[in-house]
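**Student:** Residue numbers (our numbering), protein chains in the order written: chain A, 1 to 421; chain B, 1 to 467.
Ideal Cβ placement from N, Cα and C applies to all residues, glycine included.
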Amino acid sequence: MALSASLILGLELAPTWAGEQTKKEPNTEIRLAPGDDKTSYENTDYETNSLSLEYRTGKAAGLYEIATSPQLGLPLVSISTNNRVDRAKIQLGRKLFFDRRLSRNKTMSCAMCHIPEQGFSNNELQRAIGFEGRNLKRNAPTILNVAYYQGLFADARESNLEQQVWSPLLAPNEMNNPSIGYVIDTIVSSSDYSGLFENAFGTPVSMQNIGDALAQYQRSLISGNSRFDQWFYGKEESALNTQEIEGFNLFVGKAKCAACHQIGRDYALFTDNKLHNTGIGYENSMLKPSQYVSVQIAPGVVTQVARSRVDSVGIPPENDLGRYEISLDPKDRWKFRTSSLRNIALTAPYMHNGQFSELEEVIEFYNRGGVAHELLSPLITPLILSKDEVKALSAFLRSLTGNNVEMLVSDAFAVTIGDSD
Amino acid sequence: MNLFKTTGVNRGLMQIAIASLFFAASLTSHADETCMSPYMAKIVGQEDFVYVWTLGQENLGDEQDKLVTIDVNPASPKYGKVINSLSVGGRNEAHHSGFTDDRHYLWAGGLDSNKIFIFDVHTDPAKPTLYKTIDNFVKVSGGVVGPHTFYALAGKIMVTGLSNNADHGGRTAMVEYSNTGDYIATHWHPTDQDLRGAEKSGKFADGYGYDVRALPRRNAMFTSSFTGWTNYMMDFGTMLQDPEAMKRFGNTAIKWNLHTRKPEKIFDMPGAPLEIRCAWQPNHNYCFTTTALTSKIWLMYEDEQGEWQAKAVADIGDPSKVPLPVDISITSDDKGLWVQTFMDGKARYFDVSDPFNPKQTYEKEIGSQLNMISQSWDGKRAYFTSSLLNNWDKKGDQDQQFFKSYTWDGSKLNLEFEVDFKAEKLGSAHQMRFGAYGLYGMKRPYETKQAEVNSNASDTLLASKPE
Numbered sequence: 001m002a003l004s005a006s007l008i009l010g011l012e013l014a015p016t017w018a019g020e021q022t023k024k025e026p027n028t029e030i031r032l033a034p035g036d037d038k039t040s041y042e043n044t045d046y047e048t049n050s051l052s053l054e055y056r057t058g059k060a061a062g063l064y065e066i067a068t069s070p071q072l073g074l075p076l077v078s079i080s081t082n083n084r085v086d087r088a089k090i091q092l093g094r095k096l097f098f099d100r101r102l103s104r105n106k107t108m109s110c111a112m113c114h115i116p117e118q119g120f121s122n123n124e125l126q127r128a129i130g131f132e133g134r135n136l137k138r139n140a141p142t143i144l145n146v147a148y149y150q151g152l153f154a155d156a157r158e159s160n161l162e163q164q165v166w167s168p169l170l171a172p173n174e175m176n177n178p179s180i181g182y183v184i185d186t187i188v189s190s191s192d193y194s195g196l197f198e199n200a201f202g203t204p205v206s207m208q209n210i211g212d213a214l215a216q217y218q219r220s221l222i223s224g225n226s227r228f229d230q231w232f233y234g235k236e237e238s239a240l241n242t243q244e245i246e247g248f249n250l251f252v253g254k255a256k257c258a259a260c261h262q263i264g265r266d267y268a269l270f271t272d273n274k275l276h277n278t279g280i281g282y283e284n285s286m287l288k289p290s291q292y293v294s295v296q297i298a299p300g301v302v303t304q305v306a307r308s309r310v311d312s313v314g315i316p317p318e319n320d321l322g323r324y325e326i327s328l329d330p331k332d333r334w335k336f337r338t339s340s341l342r343n344i345a346l347t348a349p350y351m352h353n354g355q356f357s358e359l360e361e362v363i364e365f366y367n368r369g370g371v372a373h374e375l376l377s378p379l380i381t382p383l384i385l386s387k388d389e390v391k392a393l394s395a396f397l398r399s400l401t402g403n404n405v406e407m408l409v410s411d412a413f414a415v416t417i418g419d420s421d
Numbered sequence: 001m002n003l004f005k006t007t008g009v010n011r012g013l014m015q016i017a018i019a020s021l022f023f024a025a026s027l028t029s030h031a032d033e034t035c036m037s038p039y040m041a042k043i044v045g046q047e048d049f050v051y052v053w054t055l056g057q058e059n060l061g062d063e064q065d066k067l068v069t070i071d072v073n074p075a076s077p078k079y080g081k082v083i084n085s086l087s088v089g090g091r092n093e094a095h096h097s098g099f100t101d102d103r104h105y106l107w108a109g110g111l112d113s114n115k116i117f118i119f120d121v122h123t124d125p126a127k128p129t130l131y132k133t134i135d136n137f138v139k140v141s142g143g144v145v146g147p148h149t150f151y152a153l154a155g156k157i158m159v160t161g162l163s164n165n166a167d168h169g170g171r172t173a174m175v176e177y178s179n180t181g182d183y184i185a186t187h188w189h190p191t192d193q194d195l196r197g198a199e200k201s202g203k204f205a206d207g208y209g210y211d212v213r214a215l216p217r218r219n220a221m222f223t224s225s226f227t228g229w230t231n232y233m234m235d236f237g238t239m240l241q242d243p244e245a246m247k248r249f250g251n252t253a254i255k256w257n258l259h260t261r262k263p264e265k266i267f268d269m270p271g272a273p274l275e276i277r278c279a280w281q282p283n284h285n286y287c288f289t290t291t292a293l294t295s296k297i298w299l300m301y302e303d304e305q306g307e308w309q310a311k312a313v314a315d316i317g318d319p320s321k322v323p324l325p326v327d328i329s330i331t332s333d334d335k336g337l338w339v340q341t342f343m344d345g346k347a348r349y350f351d352v353s354d355p356f357n358p359k360q361t362y363e364k365e366i367g368s369q370l371n372m373i374s375q376s377w378d379g380k381r382a383y384f385t386s387s388l389l390n391n392w393d394k395k396g397d398q399d400q401q402f403f404k405s406y407t408w409d410g411s412k413l414n415l416e417f418e419v420d421f422k423a424e425k426l427g428s429a430h431q432m433r434f435g436a437y438g439l440y441g442m443k444r445p446y447e448t449k450q451a452e453v454n455s456n457a458s459d460t461l462l463a464s465k466p467e
C-alpha cells in the first residue's frame, strides 16, 4: 500500500505523545534546596543536579496539629487576636498563599517569594522581585516560625500577621493589587473559592477574613525539634557532634551571638525581637561602591565589568534606613530586627538585604565587628575568632533545622497552585 | 480501526516516508526573515509590512503592549510610516511572536502575564485584528511560565517556555498547540532527575529553555536555554550585581527528535545560548546559536558518523566586556550571520562560509542599544529594533527605542528610514515579522488603481508548503 500524504500527516497529527500530561507519583524524598541546584556553581567542575517539576508533588500534613501541639525548643504560639486556630481557616489560608491570581496581573502569589523548598524564602535572589519585575529592597525572609515575631518586616513596622498580609497584597512593587476590593472581587469571581469562606468563617469574603486565613496558615508553619533542641532541651547527648557543641559554646560565649539570638531555659526563639544596627545598612547607604563589579557569566567564569557599564542598564538601589523609615528618629537609622536563626541553613542568602551567600561570610562580618560608625550597636565588637571557630559556629548553626521541614514542604507541594483558567 | 496505530515495522516505513517528504519539501520551501519555520508560506520578494510586537512603557502613550504595523514597501505612498497600532491591554512583557504555518495568524506572547495574543493578519494584512487571547497557558500546560518562541510546525505551534509557576526559575517545557489554539501537550526539558531518555553529553542538564528550531529533513529539533521569570523580569543592573541571580542561567542546548518530541542529546553550552538559526541549504546539517553572557558563536552540527555535536566556533567582540549578543540572523545562502550585541548597539556581520571558522567582516553601531534583526530572503534589506526586555533596556537617554530600516549592499548597511518609538508614543520596539498582500492573493491597493497591464503588481510569492 502506498503511503498517502494524508496518512503521513495523520501520523504527524496523532503521535504517541498527544495529550501527554502524566501525573507523577508523589515525591518520597524532599530536597530542602532549590530544585535547580547551583551548589559549587562558582567552580569550573560544577555539575547540575536538577529536579523535574513533574515530580514536585507532596502529601498534605496535619497543620492544625502542628499549630496546636508543643514542639521541642519552642513555646506554643500565643494569639492575642480573635483569630483562633481552626482547620478550615488554615486550609483556606494555605490555598490563598499559593494563589498567583491574587496579584494585579495574576502572576504573583505569596509563595513566589516564600518558596517552600527554599526554606519558605528565596535562595535565588539577594533581594526580592515583585510585580512586573520591580525591585524590592530587602531579602524575602522565611515564614517558618514567623508566628513568634512581635514585630513583622525587617523594620518591625507591623504588629500582627492578620494586618501584615495586606502590605504585600497592595504594595505597588509586590503584588500590586489596586485596592482591597480588587482582591476580594478576584476571590469572589473564582469558582474554586465558592463557599470556602462561608464554611470557614460563616461570612463572605472580606478584608478581615482574608487576613485571618493567611495568618492561620503562616502560624501553622512551626518548626522546632531540631538536632540542637534534641541536644539542649531533650538531653540527647549524641544529637550534636563535638564541633557543633564547640560552636554552641562559642555562640553563647566568645562570639556573643546569644546576646541577640537568644536561647532560654525552656525554649529558644533565637531572636530578642529587638532592632539593632550592625553597620551593614550604614555601609550600603554611605560608602562608595567599587568601580568594577564581579559578574559570574558561566560556571566557574567570572569577569570584571565596569560600574558605568552596569549602571547604564540598572536603576540605583533604593536606600534602606531601616527602622528610621518608620520612627523618623535619627537614632534608629540602619536598625533592623533580629532575625531568628532557626532553619538558617535553608534560608540563604543572609542579612536583611541578602548580601552574604554563605553562613561563614556572615560570621566573618561579625568577626570583624560589623562596620564601624557612630550608631553601631555596642553589642557588635570584633570577636577575634579563629578559622576553626568560624567553622564550628557555622556547624552549630546548621544544626538548627527543624525536623518537620520536609513535611511542611511536602504539604506545600500538595497544594494546587492557583492560576487563571 | 485506528489508522494511526502502527507496528514497529510500518512505523519505520512511515518515518522514512516522512523524512523523504521533508527532504523534498526542503528543496522547494523557504521562508523569508531567514529565521522562520520551513513549514511556513514565504515571501521571496518585497515585503509590504513589518509587524513590531511592542512593549508598553509606563508614562508613555497608552502604556500598554501593542502590535505596530509599519509600511516598508518603497512603492507605497505610506512607505516608512506607522500605519496601524493595535493595543492589547496591559504590560505583558511583549517579546516574541510567530505565524501559523498558513501564515493567517500571528501568535504573540507576554513573558510576564503569560497571555498569548493571536492576531488575524490575513483578512487585512495592513490592519491586523486581535482574533483570540489565550489566558490559561500556565494552567493547561501544567505550570509552564513565559511563552517565548512561537514556531510553526505542520498544523501546530510549538511554544517554548522560559520558566515555571513553582519557583519562577528556569526549569521549563515546550507547549504544543493546534493552529486553532487548542492545547495538545507539554514537553518538559530533561533534568538530572528525569533525563527523559536523553544523553547528558557533558556536565549539565538544567531543564532550561528559550528558542526552538527544526531541521525537518534530519528529523531534528533544537532548543536553547536562557533564564527564568525572576531574572528576565528584574532590573538588569541589579541582576548583574546579584551573585545568586547570576547562577540562574541556562548552560545547555538540546537536540530533540522532531517527530517523537523526545530529547535525545544535551549539549553543554555555558553562558545562556539564545536564538537558534539553522542552515537552509539541503546539504547543510547544522545550526548556529550564540551565548549571551559568554559571547560565543556555537555550532550544532551532524558529524560524518551522523552524530550531532556542538562546538564553540568564534568569539563575538571582546567577551570580557560582556557585549551581550542577542538576536542573530543567517542569510538564506548560509554564508553570512548577523549578530547583534545589545550593550554596544552594534550589528556585526560574520562570514560563516566555513561554519567552523566564522570571521567578522563588518560592524556598524545601529543605536545606543540593539536587539532584533529581520532580514529579507534576498538579504538586501535588514530591519533592526532596540528593546531587549523592559527591565533590561538601558536607562535614561540611552534608552533609545527605534525601528530602523537598512539596505545591505554586501559591504555596508545604508539607513533608509527610522521610526522613533518614543517620539511616536508607542513603547519599546521588540520583535519583527513580515507581512505581504501577496501571501493572501491580494493586490496592493495602490497598484490596483493602475492598468491591468501593470498588474504584475505583486512580486510577493506564496511558496508551496512542505505538505
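(1) At least one CB of chain B closer than 7 Å to the CB of A:Gly-281: is that the case?
(2) Is B:Val-50 helix, strand or coil by DSSP?
(3) Since B:Glu-244 meets chain A, which of its residues come closer than 9 Å, beta carbon to beta carbon?
(4) Which residues in the same chain as A:Tyr-324 place their Cβ atom closer than 6 Å to its Cβ, once the five residues preceding and following it in sequence are excluded?
(5) Count the other CB atoms, across all protein chains shown, that sit within 10 Å of the CB of B:Asp-48; report buried if there are 16 or more and exposed otherwise.
(6) In this structure, does DSSP put A:Gln-164 in helix, strand or coil?
(7) For B:Asn-391 and B:Asp-194, I'd like the C-alpha separation in whole angstroms.
(8) Return helix, strand or coil for A:Leu-11, following the three-state DSSP convention.
(9) Are the region 237-255 of chain B and the region 305-318 of chain A in contact at 8 Å, needing three or more beta carbon pairs?
(10) Can we count B:Pro-128 as close to the ligand PLP, meaning its CB is less than 6 Å from some heavy atom?
(11) Determine which residues of the region 225-256 of chain B have a Cβ less than 7 Å from any Cβ of chain A, and write them out in chain order.
(12) Using a threshold of 7 Å, state whether the C-beta atoms of B:Pro-205 and B:His-187 are closer than that.
(13) Going by beta carbon distance, what residues of the same chain come within less than 6 Å of B:Ser-37, once the five residues before and after it are set aside?
(14) Note down, in chain order, every chain A residue with its Cβ under 8 Å from the Cβ of B:Trp-308.
(15) Are at least three pairs of beta-carbons, each pair with one atom in the region 265-274 of chain B and one in the region 157-164 of chain B, less than 8 Å apart?
(16) Here's a check: name, in chain order, each residue in its chain whose Cβ is nearer than 6 Å to the Cβ of B:Glu-275, leaving out the five neighbours to either side.
(17) Flag A:Ala-298 as yes if its beta-carbon sits less than 7 Å from any beta-carbon of chain B, otherwise no.
(18) Between B:Gln-281 and A:Pro-349, what straight-line distance do the alpha-carbon atoms span, to the nearest angstrom?
(19) B:Ala-429 and B:Thr-123 - do their beta-carbons sit closer together than 7 Å?
(20) Answer yes if the region 407-419 of chain A comes into contact with the region 268-287 of chain A, meaning at least three C-beta pairs across the two stretches below 8 Å, and no otherwise.
(21) Please report the distance separating the alpha-carbon of B:Gly-56 from that of A:Tyr-64.
(22) Buried or exposed: which applies to A:Leu-240, given that a residue is buried once 16 or more other Cβ atoms fall within 10 Å of its Cβ?
(23) Among B:Leu-337, B:Asp-344 and B:Val-352, which one has its Cα closest to the Cα of B:Ile-373?
(24) With a cut-off of 8 Å, do at least 3 Cβ pairs link the region 203-218 of chain A to the region 151-168 of chain A?
(25) When you compare the CB positions of A:Ser-223 and A:Gly-402, do they come within less than 7 Å of one another, or not?
(26) Between the beta-carbon of B:Ser-386 and the beta-carbon of B:Gln-398, is there less than 7 Å?
(27) Could you give the distance in angstroms between the alpha-carbon of B:Ser-353 and the alpha-carbon of B:Lys-265?
(28) Would you list, in sequence order, the uninterrupted beta strand (DSSP E) runs of no fewer than 3 residues that lie entirely inside the region 247-295 of chain B?
(29) Please confirm whether A:Asp-419 and B:Lys-139 have their CB atoms less than 7 Å apart.
(30) Which residues in the same chain have their Cβ closer than 6 Å to the Cβ of A:Leu-346, if we skip the five residues on either side of it in sequence?
(31) Please report how far the alpha carbon of A:Val-252 lies from the alpha carbon of A:Asn-277, in whole angstroms.
(32) Got a sec, what are the start and stop residues for the beta strand (DSSP E) B:Met-174 sits in?
(33) Have a look at B:Asp-102 and B:Ala-41 and give me their C-alpha separation to the nearest angstrom.
(34) I'd like the ranges of any beta strand (DSSP E) spanning at least 3 consecutive residues and lying wholly in the region 289-372 of chain A.
(35) Just how far apart, CA to CA, sit B:Ala-382 and B:Met-432?
(36) What is the DSSP secondary structure of B:Gln-375, counted as helix, strand or coil?
**Tutor:** Let me lay it out:
(1) No, A:Gly-281 does not count as interfacial toward chain B.
(2) Strand, per DSSP.
(3) Chain A residues near B:Glu-244: Lys-38, Asn-122, Asn-123, Glu-124, Leu-125, Gln-126, Ala-348, Pro-349, Gly-354 and Ser-357.
(4) The answer, listed in chain order, is Asp-332 and Arg-333.
(5) That one is buried.
(6) A:Gln-164: helix per DSSP, three-state reduction.
(7) Those two C-alpha atoms are separated by around 33 Å.
(8) Reliability of the predicted coordinates at A:Leu-11 is poor, the pLDDT of 35 falling under 50, and the value obtained from them is presented with this limitation in mind. When secondary structure is reduced to three states using DSSP, A:Leu-11 falls in the helix class.
(9) Cβ pair count under 8 Å is three or more, so yes.
(10) Only the bare structure without any ligand can be found here, which leaves the ligand PLP out of the picture.
(11) Cβ contacts with chain A come from Thr-230, Met-233, Met-234, Asp-235, Phe-236, Gly-237, Thr-238, Leu-240, Gln-241, Asp-242, Pro-243, Glu-244, Ala-245, Met-246, Lys-247, Arg-248 and Asn-251.
(12) One detail in the question is off: residue 205 of chain B reads as Ala in this sequence, not Pro. At least 7 Å separates the beta-carbon of B:Ala-205 from that of B:His-187.
(13) Excluding sequence neighbours, B:Ser-37 sits near Tyr-151 and Ala-152.
(14) In chain order: nothing, as chain A lies at least about 20 Å away.
(15) The region 265-274 of chain B, when compared against the region 157-164 of chain B, does not touch it at the 8 Å Cβ threshold.
(16) Closer than 6 Å at the Cβ level, and outside the excluded window around B:Glu-275, lie Asp-211, Asp-327 and Ile-328.
(17) Output row for A:Ala-298: interface = yes.
(18) Roughly 50 Å between the two C-alpha positions.
(19) No; because the gap between Cβ atoms is not below 7 Å, this pair is not in contact.
(20) Touching, no.
(21) C-alpha separation (whole angstroms): 46 Å.
(22) A:Leu-240 comes out buried.
(23) The option with the nearest alpha carbon to B:Ile-373 is B:Leu-337.
(24) The answer is yes - the region 151-168 of chain A touches the region 203-218 of chain A, with three or more Cβ pairs under 8 Å.
(25) Between A:Ser-223 and A:Gly-402, the gap from beta carbon to beta carbon is short of 7 Å.
(26) Not closer than 7 Å, so no.
(27) Taking C-alpha positions only, B:Ser-353 is separated from B:Lys-265 by approximately 26 Å.
(28) Unbroken beta strand (DSSP E) stretches of 3 residues or longer found wholly inside the region 247-295 of chain B: 252-257, 262-268, 273-278 and 286-291, given in chain order.
(29) Cβ distance < 7 Å, so A:Asp-419 and B:Lys-139 count as in contact.
(30) The answer, listed in chain order, is Leu-32 and Gly-119.
(31) One C-alpha to the other measures close to 20 Å.
(32) Residues 173-178.
(33) Taking the straight line joining both Cα atoms gives about 6 Å.
(34) The qualifying runs are 292-298 and 301-306.
(35) Here the C-alpha atom of B:Ala-382 lies approximately 11 Å from the C-alpha atom of B:Met-432.
(36) Secondary structure of B:Gln-375 (DSSP, three-state): strand.
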